[in-house]
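Residue numbers (our numbering): 57 to 204.
Note that beta-carbon positions come from the ideal geometry of N, C-alpha and C, so glycine has one too.
Predicted model only: the values in this text are computed from it and were never measured.
Encoded as structure tokens, the structure appears first; notes follow it.
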């Protein structure tokens, strides 16, 4: 067997449709475009979502929802996370630098301390926001709450 003897299987390939090669070809004249209208002319491009003049889906469906451009996203950190951090690394003060260096937050995050879990250590916590339950739990253990 030689490479030049290889051919595709019978029926696996088709010749492409040659358009606009005279009336004898069966595809001359209008070149399969029909008569008149935008689609028959060169340079025609249909808009995305065009449904032949019917009201397009993106205009039929009602719009809803609202996204505030002034929304501030906070990274939530629970009390049990602070407790674990203080036990593992013997910390008494937890601030942004401690949270970033131990991989809990990134340097651009805004931190909100939430009251989830138990806190048994006396901690001085510095963050952007605190929930009421978190503030109460930290101060109950004799710690302090500092807002940035």
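Q: Check residue 75 in the structure and name its three-state DSSP category.
A: Mapped onto the chain shown, residue 75 falls at position 19. Looking at residue 75 - three-state DSSP - the assignment turns out to be coil, as it is neither helix nor strand.
(Q) Let me check one thing: in DSSP terms, what residues is residue 180 bridge-paired to? (A) Residue numbering aside, residue 180 sits at position 124 when the chain shown is read from its first letter. Answer is 149 and 200.
Q. What span of residues does the beta strand (DSSP E) with residue 170 cover, start to end?
A. On the chain shown, residue 170 is found 114 positions in, with the first residue counted as 1. That run of the beta strand (DSSP E) goes 167–170.
Q) Between the C-alpha atoms of residue 79 and residue 67, what's the straight-line distance to the nearest angstrom? A) As a position in the chain shown, residue 79 is number 23, starting the count at 1. As a position in the chain shown, residue 67 is number 11, starting the count at 1. When rounded, the distance between both Cα atoms is 27 Å.
Q.
According to DSSP, residue 64 sits in a beta bridge with which residue or residues?
A. As a working mapping, residue 64 is identified with position 8 in the chain shown. Bridge partners of residue 64 according to DSSP: none are assigned.
Q: Can you have a look at residue 120 and say buried or exposed, based on whether 16 or more other CB atoms are within 10 angstroms of its CB?
A: Sequence index remark: in the chain shown, residue 120 carries index 64 (1-based). By the beta-carbon neighbour count (other beta carbons within 10 angstroms, threshold 16), residue 120 is exposed.
(Q) Tell me the DSSP secondary structure of residue 131 in three-state form. (A) On the chain shown, position 75 is the one that residue 131 refers to. In this structure, residue 131 counts as strand in the three-state DSSP scheme.
Q: Report the partner residues of residue 186 according to the DSSP bridge assignment.
A: Position 130 of the chain shown holds residue 186. 169, per the DSSP bridge assignment.
**Q.** Closest Cα partner of residue 90 within the set 204, 75 and 104
**A.** Along the chain shown, read from residue 1 onward, the residue named residue 90 stands at position 34. Ranking 204, 75 and 104 by CA distance to the CA of residue 90 puts 75 first.
Q. Considering only C-alpha positions, which residue in the set 95, 137 and 124 is nearest to residue 172?
A. Within the chain shown, residue 172 is the residue found at index 116, counting from 1. Nearest C-alpha to residue 172: 137.
Q. For residue 150, is the classification buried or exposed, using 16 other Cβ atoms within 10 angstroms of its Cβ as the cut-off for buried?
A. The residue you call residue 150 lines up with position 94 of the chain shown. Residue environment for residue 150: buried (at least 16 other C-beta atoms within 10 angstroms of its C-beta).
Q) residue 207 lies in the alpha helix (DSSP H); which residues open and close that run? A) The requested residue 207 does not occur in the structure, where the chain is confined to residues 57 to 204.
**Q.** Coarse secondary structure for residue 174, derived from DSSP in three states
**A.** As a working mapping, residue 174 is identified with position 118 in the chain shown. Reduced to three states, the DSSP call for residue 174 is coil.
Q) Is the beta carbon of residue 204 less than 8 Å from the beta carbon of residue 175? A) Taking the first residue of the chain shown as 1, we reach residue 204 at position 148. Taking the first residue of the chain shown as 1, we reach residue 175 at position 119. If you check the CB distance, residue 204 and residue 175 do not come in under 8 Å.
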